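S.K.: Residue numbers (full-length UniProt numbering): 1 to 257. Using N, Cα and C, we set each Cβ at its ideal position, and we do this for glycine too. No experiment lies behind these values; they were computed from the predicted model shown. After the structure tokens below, expect a handful of questions from me.
Encoded structure:
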């Protein structure tokens, strides 16, 4: 299903996106050496419920997971890159953390992810991975103009990641959002320009480039959810929800202040 939202619904999506961004920034500030991943999940739960919003993850049970997910946020550390299931683990100095959050407020979903390094140690490899995903995300957003096609976004994201020296996995990528979290169209993190669904005002997309330092192959943890690099290398993940407008793309998942 591909939803085209009304201006009123897009405005509600902007409110949802600001809430997602505010929660992620709060969690980033509170995440330190010694923080437990279950505490991060608990903090996310409290902020979501206090805002009168709904988690998109607690009851999430897709075919590729061992569902329901049962938690409020994805917490992926170091070699874990996607769908990290919160568990009893404390963060150490230099850990590369990715937090992925999707919530619904007023009937509209927004989805975003950030990656950052905890503590005083800031390894160059970790920072390069994060920068590559952020630059690829910016390239995808720049390409998201009315009249463009999904392949144009995928091409912009993929060429940026490849120029930084990384191979690209296209199994998991961006997606449409609206009244639900995962919708068509799929936005692969590499692709051919001029192909795919044409962008239209009112379309909401979650763009999410992610990379692994030396592989494009994933393995799944015994928990049935957490996806890791097959080689144990470091990973990073960045994501924004955008709305296609008459003039270009508007980022919805920006902090409220």
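#1: Over the uninterrupted alpha helix (DSSP H) stretch that includes residue 43, give me the two end residues.
#2: Between which two residues does the beta strand (DSSP E) carrying residue 30 extend?
#3: Can residue 99 and residue 80 be called in contact, C-beta distance under 8 Å?
#4: By the three-class DSSP mapping on this structure, what secondary structure does residue 157 have?
#5: With a threshold of 8 Å, are at least 3 pairs of Cβ atoms found where one atom belongs to the stretch 212-231 and the other to the stretch 180-188?
#6: Cutting at 6 Å between CB atoms, please list the residues of its own chain near residue 6, excluding the five before and the five after it.
#7: Which residue wins for smallest C-alpha separation from residue 230, given the options 142, 219 and 1?
#8: Beta strand (DSSP E) containing residue 206: first to last residue?
#9: May I ask which residues mark the beginning and end of the alpha helix (DSSP H) holding residue 135?
#10: Hey, out of 188, 86 and 93, whose CA is closest to residue 117's CA?
#11: Nearest by alpha-carbon distance to residue 30: which of 20, 44, 17 and 18 is it?
#12: For the beta strand (DSSP E) holding residue 241, just list the boundary residues, first then last.
#13: Using 10 angstroms around the beta-carbon of residue 102, count the other beta-carbons present and answer buried if the total reaches 16, otherwise exposed.
#14: Can you tell which of 88, 110 and 188 has the C-alpha that lies nearest to the C-alpha of residue 243?
#15: Compute the Euclidean distance between the alpha carbons of residue 247 and residue 42, then round it to the nearest angstrom.
#16: Do the CB positions of residue 157 and residue 126 come within less than 8 Å of each other?
M.R.: Quick look at the numbers:
#1: Per DSSP, residue 43 belongs to the alpha helix (DSSP H) from 37-50.
#2: Counting along the chain, residue 30 sits inside no beta strand (DSSP E); it lies in the alpha helix (DSSP H) bounded by residues 7-30.
#3: Against a cut-off of 8 Å, the Cβ pair of residue 80 and residue 99 comes out as no contact.
#4: For residue 157, the three-state secondary structure derived from DSSP is helix.
#5: Verdict: no, contact absent.
#6: Result list for residue 6: empty, nothing under 6 Å.
#7: Taking the Cα of residue 230 as reference, the smallest distance to any Cα among 142, 219 and 1 is reached at 219.
#8: Here the beta strand (DSSP E) through residue 206 covers 204-207.
#9: 124-143 is the span of the alpha helix (DSSP H), which, as asked, contains residue 135.
#10: The residue with the shortest Cα to Cα distance from residue 117 is 93.
#11: Answer by Cα proximity: 44.
#12: Boundaries of the beta strand (DSSP E) harbouring residue 241: 240-244, taken from the DSSP string.
#13: The residue in question, residue 102, is buried, as its Cβ has 16 or more Cβ neighbours within 10 Å.
#14: Closest by alpha carbon: 110.
#15: Here the alpha carbon of residue 247 sits roughly 39 Å from the alpha carbon of residue 42.
#16: No.
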